[in-house]
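**Q**
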Amino acid sequence: MLRPLKAAWILFWAILLTLILFFPIVIAALLGKRGDAAFHGTQIYAWIILKVCGIRLKVRGRENIEPGQRYVILSNHASYLDPPALVLALGLQYRWVIKKELRRVPLFGLALEASRNLFIDRSKGSDALESIKRGVGQLPDGTGILIFPEGTRSWDGKLLPFKKGGFVIAQDGELPILPVTICGSHQRLPKGSAAFRSGDIEIVIHPPMASGALPLDDLMTDVRNSIASSL
């Protein structure tokens, strides 16, 4: 009985916050040249979602972030709670690389698009990657991007194989990679379930890595090992 109630609870808040914040976020995105104000709107959404789910956010490694530096942020992904946790934990401006299917979600998808996030059509392969590279080049100074290199949420919380796209974008744009580990989100809201469990989510921010210092395969291995080291 409790599981359906929890699922209904989080769905209620997701819909309510979308309705309340949709117009402020879109207006802020349209009026602002950088999209920073719209990003702050998503932080309000994230803070409330975590609070109503009883999630306590812990962060380690913020000292590894250089203010004003643009990063390609790469993180593991095991839960729908990962995005709101990251939005609050990192304390820097970035945009998401998001699968194009989310653009069709009523109101939510339009807000994501107006906020200058980057959508990717995974069926188009190299063409999709080139469009993302162009989009990254048009982002304001100091604004990075965040990509889940696994490409989807893990069913069991363990790391899936990494895709090359985020690493290629980093090397092509000569941008440092910021590895991030999310711990505990799988236990709070696992894939395949809408019933959350209150508790802690910890975000571990690792030291940045220069993307051009290593061959692509070696870079992928080092970033994966860095993320895995805190799981």
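The numbering used here puts the first residue of the sequence shown at 295, with every later residue one more than the last. Backbone N, C-alpha and C define an ideal beta-carbon position, used for all residues, glycine too.
Could you compute how far the alpha carbon of residue 341 sits from the alpha carbon of residue 323?
**A** The alpha-carbon separation between residue 341 and residue 323 amounts to approximately 19 angstroms.
**Q** What did DSSP end up calling residue 476 once you bin it into helix, strand or coil?
**A** strand
**Q** Could you have a look at residue 300 and say whether DSSP puts it in helix, strand or coil?
**A** When DSSP states are grouped into helix, strand and coil, residue 300 belongs to the helix group.
**Q** At a cut of 8 angstroms, does the region 361-375 reach the region 393-406 through at least three beta carbon pairs?
**A** With a cut-off of 8 angstroms, the region 393-406 and the region 361-375 do not count as touching, because too few Cβ pairs lie within range.
**Q** Express the C-alpha separation of residue 476 and residue 485 in angstroms, rounding to a whole number.
**A** 14 angstroms
**Q** Please classify residue 369: does DSSP put it in a helix, a strand, or coil?
**A** For residue 369, the three-state secondary structure derived from DSSP is strand.
**Q** Does the beta-carbon of residue 492 have 16 or more other beta-carbons within 10 angstroms, so that it is buried, or is it exposed?
**A** Residue 492 counts as exposed, since fewer than 16 other beta carbons sit within 10 angstroms of its beta carbon.
**Q** Taking a contact to mean a Cβ-Cβ separation below 8 angstroms, would you say residue 332 touches residue 408 in this structure?
**A** yes
**Q** Pick out whichever of 482, 310 and 467 has its Cα sitting closest to the Cα of residue 449.
**A** 482
**Q** Tell me the DSSP bridge mates of residue 494?
**A** According to DSSP, residue 494 bridges with 350.
**Q** Output the boundary residues of the alpha helix (DSSP H) element that contains residue 402.
**A** 402-408
**Q** Cα-Cα, which of 389, 521 and 313 is closest to residue 502?
**A** 521
**Q** Ends of the alpha helix (DSSP H) at residue 463?
**A** From DSSP, the alpha helix (DSSP H) with residue 463 extends over 459-467.
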